[in-house]
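In full-length UniProt numbering, the protein residues as written are 1 to 130.
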């Protein structure tokens with residue numbers, strides 16, 4: 001029996017873990033965390049550096065990461081005001097496993113793509129036979 005066999009997946013704790021993983025696992029959060037891993041950046045830098053993200057989605061992603069304590073937002077009074085985002089220590093601790101997961105994908109992308117192609121071919125064959 002493994003440690004996970006005794007976990008009640010409907011418990012409040014598991015539901016909370018699921019919510020956090022869902023938010024942190026979305027592609028925009030991962031990309032923001034990876035962009036901020038090296039240094040703080042302004043909103044416009046992040047927007048330019050993350051292909052296809054809308055201004056609204058970047059704003060929502062940064063707010064959620066700030067709410068979770070992973071990103072800090074610093075406003076410097078100037079005209080126009082300067083707003084910088086950086087990973088908190090908690091966010092930095094998350095960047096390492098996020099990077100490791102990304103490296104795993106890069107190392108296995110060929111095998112993943114081949115598996116997807118095999119699956120898609122089986123589904124096409126199954127659909128056309130039905």
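Built from N, CA and C at the ideal position, the CB exists for glycine as well. Keep in mind it's a predicted model, so treat the numbers as computed, not measured.
Scanning 65, 126 and 95 for the CA closest to the CA of residue 38 turns up 95.
The C-alpha of residue 120 is placed about 10 Å away from the C-alpha of residue 127. Less than 9 Å divides the Cβ of residue 75 from the Cβ of residue 82. Contact between residue 71 and residue 87 holds: their C-beta atoms lie close to 6 Å from each other, under 8 Å. By alpha-carbon distance to residue 65, the top candidate from 10, 107 and 20 is 20.
In the DSSP assignment, residue 111 falls outside any beta strand (DSSP E) and lies within the alpha helix (DSSP H) extending over 89-129.
Cβ neighbours of residue 53 within its own chain (closer than 7 Å, five residues either side excluded): 28 and 47.
Here the C-alpha atom of residue 103 lies approximately 10 Å from the C-alpha atom of residue 97. With contacts defined by Cβ atoms closer than 9 Å, residue 50 and residue 35 form a contacting pair. Judged by beta-carbon spacing, residue 69 lies beyond the 9 Å limit of residue 33, meaning their Cβ atoms are not closer than that value. Take the alpha-carbon of residue 118 and the one of residue 22: they are about 28 Å apart. Here residue 62 really is in contact with residue 85; their C-beta atoms are around 6 Å apart, less than 8 Å.
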